[in-house]
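The numbering of the sequence shown is my numbering, which starts it at 4 and goes up by one.
Beta carbons: idealized from backbone N, C-alpha and C, even for Gly.
Report on one structure; see the data block that follows.
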Amino acid sequence: MNVKKGKPRYLCAHRPAIPLQNRTSNNELLVGYGFRWWLTGLRSRNPVHWQDTWRLYSNSLDTKSARLAVDCLAKWAVAADAHAHRRLQIAGLHMNSFSRDETLAIAMIAASQHSTCPAMRACAFALLETPHVDEVVHHAETFAVVLRAQGCLLSPHAIVNANDYMGGGPGAMN
Numbered sequence: 004m005n006v007k008k009g010k011p012r013y014l015c016a017h018r019p020a021i022p023l024q025n026r027t028s029n030n031e032l033l034v035g036y037g038f039r040w041w042l043t044g045l046r047s048r049n050p051v052h053w054q055d056t057w058r059l060y061s062n063s064l065d066t067k068s069a070r071l072a073v074d075c076l077a078k079w080a081v082a083a084d085a086h087a088h089r090r091l092q093i094a095g096l097h098m099n100s101f102s103r104d105e106t107l108a109i110a111m112i113a114a115s116q117h118s119t120c121p122a123m124r125a126c127a128f129a130l131l132e133t134p135h136v137d138e139v140v141h142h143a144e145t146f147a148v149v150l151r152a153q154g155c156l157l158s159p160h161a162i163v164n165a166n167d168y169m170g171g172g173p174g175a176m177n
């Protein structure tokens, strides 16, 4: 990830970065927290969550790249929320772990970056629980390309087996 030099690394202005979890890189955190905060802002209409998303990306990327990445993130999150068969579940703002749906969202971006289309579409189907995934997949692929162009490559370990997340499998939120 291209981190700005001389700036402290914060996930938002008033909270220090949450320590990395097992096999969770900064790039997965960027996608997961961005998805969570954008959906929270979308649902609450409270701009502070979008501002937190902007701070997360602008502290990690240069301004032009952050603007493009957040625009792509927003389009992807809005499309996912609109096309999901049910309300997407996101963890609380202060949680340092990801929900089932956030994990699938991260996996979509990782699968796209690693050109594993079947895994990406499977994660989209599991996330949205509908066969109508094309618009969401399009926006996810665009977001993945933008992140990759900025050196934000997610680990292939972030790609999950979508079958494990179907029907309340082990990835389901407790």
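What span of residues does the alpha helix (DSSP H) with residue i cover, start to end?
i, result
"Cys155", "Taken as a continuous stretch (DSSP letters only), Cys155 belongs to no alpha helix (DSSP H), as it is neither H nor E."
"Gly95", "Element bounds for Gly95: n/a, residue is neither H nor E."
"Phe101", "Unbroken run through Phe101: none, as it is neither H nor E."
"Met123", "Cys120 to Leu131"
"His117", "It is not in any alpha helix (DSSP H) - His117 carries neither H nor E in the DSSP assignment."
"Tyr60", "Pro50 to Ser61"
Give the straight-line distance between the Cα atoms of residue i and residue j, rounded to the nearest whole angstrom.
i, j, result
"Leu131", "Leu45", "17 Å"
"Arg58", "Leu150", "16 Å"
"Ile21", "Asn62", "Model confidence at Ile21 stands at a pLDDT of 37, short of 50, so the residue's coordinates are unreliable and nothing is read from them."
"Ala87", "Val140", "12 Å"
"Gly95", "Leu42", "11 Å"
"His52", "Trp40", "5 Å"
"Ser28", "Ser158", "7 Å"
"Ile112", "Val81", "15 Å"
"Ala83", "Val73", "15 Å"
"Trp79", "Asn164", "21 Å"
"Gly109", "Val34", "Correcting the residue identity first, residue 109 is Ile in this sequence and not Gly. Rounded to the nearest angstrom, the two C-alpha atoms are 6 Å apart."
"Gln54", "Pro121", "34 Å"
"Thr145", "Asp167", "26 Å"
"Tyr60", "Thr66", "8 Å"
"Asn49", "Thr56", "12 Å"
For residue i, which of helix, strand or coil comes out of DSSP?
i, result
"Ala161", "helix"
"His135", "coil"
"Ala236", "No answer is possible for residue 236: the residues shown for the chain start at 4 and end at 177."
"Arg39", "helix"
"Asn166", "helix"
"Leu64", "coil"
"Arg47", "With the sequence shown as reference, residue 47 is identified as Ser, and Arg is not the correct amino acid for it. In this structure, Ser47 counts as helix in the three-state DSSP scheme."
"Ala87", "coil"
Could you tell me how far apart the beta carbons of residue i and residue j are, in whole angstroms, since I believe they sit closer than 8 Å?
i, j, result
"Ile93", "Ser100", "Going by Cβ atoms, the distance from Ile93 to Ser100 rounds to 11 Å, so no, they are not a contact pair."
"Glu31", "Ala143", "14 Å between Cβ atoms; not a contact."
"Ala147", "Gln116", "5 Å"
"Gln153", "Leu64", "5 Å"
Is any heavy atom in the ligand MN found nearer than 8 Å to the beta carbon of residue i?
i, result
"Arg90", "Judged by which ligands are present, the structure shown has none, so any question about the ligand MN falls away."
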